[in-house]
Ligand code: URA
Ligand code: CA
């Protein structure tokens with residue numbers, strides 16, 4: 014087999030066999046295929062697309078390029094949730110203990126986040142003492158006994174994806190549905206869960222800016238998962254404005270605690286219930302989505318979900334007293350209000366711009382090496398569709414420095430107040 018022939022074959026719109034795809038992925042990962050040929054192949058895929066069969070084979074070739082996690086020692090159906098990423102997305106923190114409170118095993122691997130705020134791990138580390146330095150046996154034992162644990166990302170998961178993603182980043186080939194779908198699914202499959210619920214975001218703050226693109230990506234990922242034997246479904250949800258009110262690590266921890274108590278923001282609560290119900294169904298713990306939703310509401314209302322969260326934090330060294338004493342979470346030195354300049358209705362909150370404002374405060378990382386400040390971030394006081402009087406606070410800035418004029422400018426530029434405004438639909442569609 015020669016890579017040049019495979020590039021020409023894909024360039025001409027033909028279907029690559031499983032062996033040919035494996036030859037390409039193996040060769041690029043071990044260095045025998047150089048960057049220039051791999052980029053030509055990626056560009057050919059970008060223009061010619063891939064069939065479902067090719068997508069599944071590409072995904073599995075990437076899975077097999079490195080380590081995979083074996084979760085078979087954990088009892089029950091392991092269901093994972095993945096979000097394509099948004100601003101202020103606190104759902105994982107809520108869902109993990111919520112679903113675990115129904116005896117559904119949550120065996121989560123987590124890494125540090127890049128972008129507006131930290132990842133789930135950073136948010137968890139806003140609880141003093143919490144750590145993920147546990148070994149594989151402890152991890153499996155914790156999930157078997159307590160139904161929820163988080164472990165750090167293994168070093169050598171899907172190395173082919175790491176290399177291909179980096180190359181795509183500099184060759185204009187990131188935005189290709191078969192390449193994105195196989196990249197995301199390879200990581201989920203290598204992480205070992207039996208079933209996967211995908212939260213594909215759409216709108217200004219999302220990777221996919223339109224419903225059409227989000228649906229195409231979701232369909233591709235759902236077919237890959239089901240074709241390789243992992244029961245997969247997707248929810249398309251709104252990310253035109255940030256989710257919930259809090260954007261920032263400790264602030265989102267507080268928001269997650271409120272939501273587990275049944276006192277969270279309406280949109281975060283609803284998305285959590287929608288995704289959670291799908292997870293309960295995939296875990297085969299309920300017969301209908303409505304039954305699943307009732308089960309989730311019950312463990313919120315009777316306090317079991319919150320108790321599970323405390324148990325989970327304490328199991329991994331965390332100070333669980335923060336749940337009842339939020340003042341023990343990292344606190345910012347300065348709280349600065351951003352008053353509305355005019356009266357009206359909030360017509361638009363540009364999610365990714367608000368995300369950048371949070372990052373300017375230090376809530377997120379621009380590069381892997383950056384340190385983040387867990388205490389800082391933003392609290393929104395209005396969402397799209399809410400009315401506002403001049404002088405009302407739109408946002409509170411939580412900062413560890415006094416000078417925040419650039420953050421303030423960003424916020425004003427991203428919140429539009431007009432005569433009319435309507436709350437966007439949260440759940441756009443469900444793909445099974
Ligand atoms: N996220 C991923 O993990 N992979 C892609 O290709 C795009 C977004
Ligand atoms: Ca939030």
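Numbering (the numbering used here), first residue to last: 14 to 445. For glycine and all other residues, C-beta sits at the position ideal for the given N, C-alpha and C. Fair warning: this is a prediction, and the values are worked out from it, not measured in the lab.
- The beta carbon of residue 221 sits closer than 8 Å to those of 97, 213, 214, 215, 227 and 230, all from its chain and outside the five residues before and after it, given in chain order.
- Judged by DSSP in its simplified three-state form, residue 393 adopts strand.
- Excluding residues up to 5 positions away in sequence, 444 lie with their Cβ nearer than 6 Å to the Cβ of residue 232 in the same chain.
- Residue 199 has its Cβ no nearer than 6 Å to any heavy atom of ligand 1.
- Where residue 303 is concerned, the enclosing alpha helix (DSSP H) starts and stops at 302-314.
- In this structure, the CA atom of residue 119 is about 12 Å from the CA atom of residue 210.
- DSSP places residue 263 in the helix class (H, G or I) of the three-state scheme.
- Judged by beta-carbon spacing, residue 390 lies within the 7 Å limit of residue 376, meaning their Cβ atoms are closer than that value.
- DSSP places residue 158 in the helix class (H, G or I) of the three-state scheme.
- 7 Å or more divides the Cβ of residue 127 from the Cβ of residue 318.
- With distances taken between CA atoms, residue 295 lies nearest to 246 out of 246, 278 and 322.
- Taking 7 Å as the cut-off, the beta carbon of residue 70 is found closer than this to the beta carbon of residue 31.
- Unbroken beta strand (DSSP E) stretches of 3 residues or longer found wholly inside the stretch 395-431: 406-412 and 428-431, given in chain order.
- For residue 372, there is no enclosing beta strand (DSSP E); the residue is part of the alpha helix (DSSP H) that begins and ends at 364-374.
- Residue side-chain check: residue 30 keeps its Cβ at 6 Å or more from all non-hydrogen atoms of ligand 1.
- Residue 180 and residue 192 have their alpha carbons spaced roughly 12 Å apart.
- The DSSP-derived three-state label of residue 40 is helix.
- Apart from the 5 residues on each side of it in sequence, residue 308 sits with its Cβ closer than 8 Å to the Cβ of 115, 293, 298 and 299 in its chain, given in chain order.
- The stretch 50-131 is shown to contain whole alpha helix (DSSP H) runs of 4 or more residues at 65-76 and 104-113, in chain order.
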